[in-house]
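Under this note's numbering, the first residue of the sequence shown is numbered 112, with each subsequent residue one higher.
Reading through the structure tokens given below for one structure.
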Amino acid sequence: MIEILNPAELVRARATGTLVADILHTLKGRITVGTNLLDIDRWAKAMIIDAGAVSCYVDYAPSFGRGPFGHYICTAVNDAVLHGLPHDYTLADGDLLTLDLAVLLDGIAADSAISFVVGASQPAESLAMIGATERALSAGIAAAAPGARIGDISHAIGSVLSEAGYPINVEFGGHGIGATMHQDPHVSNTGRPGRGYQLRPGLLLALEPWVMADTDELVTDADGWTLRSVTGCRTAHSEHTIAITDDGAEILTLPSLTRP
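What follows is the structure, encoded as structure tokens:
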């Protein structure tokens, strides 16, 4: 299903996006060396419930997971990149952490992810990889406009990631979003311009470039959820939910403190 939001629904989508971004911003500021992943999950749960929202993950049970997910946020460390199941792990100096959060508020979902390095040790390779996903995300957003096609977004994202020297996995990518977290169309992280669904105002997309340092192959943990690089290399993931407007694309998942 491809959902097109009306103006009233778009107002609600902005509120959901801001909530997701504010929770991620708060968590990043609270996380230090010694923070446990289960504490992050508890903090996310409290903020979601206090806002009168609902986690998109707790009851999430797709065919590829061992569901339901049962937690409120995805926490992926170092070689883990997607669907990181929170568990009893204490973050160490230099760990690369990805937080991926999807929330439903007033009937509209928003989805966003950030990667950052914990502590004083900031390995250059990790920062470069994070930077590449952030640049790719910006390029994808710049390519998203009414009349453009999904392939234009995929091509923009893939060009940045390829130029940075990273292999690209096409099993998991961006997606439509609206009344539910995952909808059509799929947005691959590489592709050919001019192909695919034509973008229309009111369409919401979650764009999420992610890479692994030296491979495009994933392996699933024994927990049935966490996806890791098959070689054990580090990974990074950046994601925003955007709305296609008459003029281009509006980023919905920006923290309230950055909005005018």
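Backbone N, C-alpha and C fix where the C-beta goes; we use that ideal spot for every residue, glycine too.
This structure is a prediction, so every number in the text was calculated from the model and none was measured.
Would you identify the three-state DSSP class for residue i, choosing helix, strand or coil?
i              : result
glycine 269    : helix
proline 118    : helix
histidine 297  : strand
glycine 359    : coil
valine 330     : strand
serine 237     : helix
serine 349     : coil
valine 131     : helix
serine 340     : strand
aspartate 325  : coil
glycine 276    : coil
serine 249     : helix
isoleucine 219 : strand
serine 367     : helix
Return the CA-CA distance between residue i and residue j, expressed in angstroms with no decimal places.
i              : j              : result
serine 360     : leucine 121    : With the sequence shown as reference, residue 360 is identified as alanine, and serine is not the correct amino acid for it. Each residue's Cα considered, the two are about 12 Å apart.
isoleucine 261 : glycine 302    : 9 Å
valine 228     : asparagine 189 : 9 Å
proline 234    : aspartate 204  : 10 Å
alanine 324    : alanine 119    : 42 Å
tyrosine 277   : alanine 132    : 27 Å
isoleucine 184 : proline 173    : 16 Å
aspartate 357  : glycine 343    : 43 Å
glutamine 294  : valine 330     : 24 Å
leucine 149    : alanine 255    : 36 Å
proline 241    : serine 349     : Here the sequence assigns isoleucine to residue 241, which means proline is not the residue at that position. One C-alpha to the other measures close to 8 Å.
alanine 187    : glycine 258    : 35 Å
Given a threshold of 16 other Cβ atoms within 10 Å of its Cβ, counted over all protein chains shown, does residue i qualify as buried or as exposed?
i              : result
aspartate 217  : exposed
leucine 368    : exposed
valine 298     : buried
proline 179    : exposed
isoleucine 115 : exposed
asparagine 280 : buried
aspartate 170  : exposed
isoleucine 113 : exposed
Determine, using beta carbons only, whether residue i comes closer than 8 Å to chain D.
i                 : result
phenylalanine 227 : The chain labelled as chain D is not found in the depicted structure, where only one protein chain is given.
In chain order, which continuous runs of the alpha helix (DSSP H) of length 4 or greater are located wholly inside the stretch 148–217?
Along the stretch 148–217, the alpha helix (DSSP H) occurs as fully enclosed runs of 4 or more residues at 148–161, listed in sequence order.
How do the stretch 157–175 and the stretch 306–322 stand: do at least 3 beta-carbon pairs fall below 8 Å, yes or no?
Taking 8 Å as the limit for Cβ pairs, the verdict is that the stretch 306–322 does not touch the stretch 157–175.
Could you tell me whether the stretch 189–201 touches the stretch 321–340, where touching means 3 or more Cβ pairs closer than 8 Å?
Contact between the stretch 189–201 and the stretch 321–340 is present, because at least three Cβ pairs lie under 8 Å.
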